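All residue numbers for the sequence shown refer to the working numbering, where the first residue is 7 and numbers rise by one.
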Amino acid sequence: MSAVCQVTGRKPGYGKQVSHSHRRTSRRWEPNLQTRRYYVPSLGRTVRLKVSAKGMKTIDKRAIDAVVAELAAKGVKL
């Protein structure tokens with residue numbers, strides 16, 4: 007699976023790591039992804055989501071039912 011948040015769509019950022027001698031090598035900044043299980047009352051079951059820390063805050067703010075409905079409208083398999 008790729009490192010993408012299912013709620014916010016956050017992806018890794020790419021750039022260069024610069025050493026003390028100013029050598030540049032490629033690196034990537036991974037989003038803070040967590041695999042979480044949420045109980046969805048409208049579905050009557052739990053769903054497993056791969057969400058970032060910001061995605062968890064979004065779920066807390068908007069409620070899991072609204073987020074899952076939006077994901078289902080996008081066609082994400084839950």
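A virtual CB, placed ideally from N, CA and C, is assigned to each residue, including glycine. All of these numbers come straight from a predicted model, not from anything done at the bench.
Cβ-based burial, residue i [other Cβ within 10 Å; buried from 16]
i: residue 12; result: buried
i: residue 24; result: exposed
i: residue 18; result: exposed
i: residue 81; result: exposed
Residue i and residue j closer than 9 Å at C-beta
i: residue 74; j: residue 46; result: yes
i: residue 54; j: residue 68; result: no
i: residue 21; j: residue 34; result: yes
i: residue 77; j: residue 49; result: no
i: residue 38; j: residue 63; result: no
i: residue 36; j: residue 9; result: yes
Please go through the segment 12 to 67 and give each complete beta strand (DSSP E) segment of 3 or more residues, from N-terminal end onward. List check, beta strand (DSSP E) in window: 19 to 24, 30 to 35, 39 to 46, 51 to 58.
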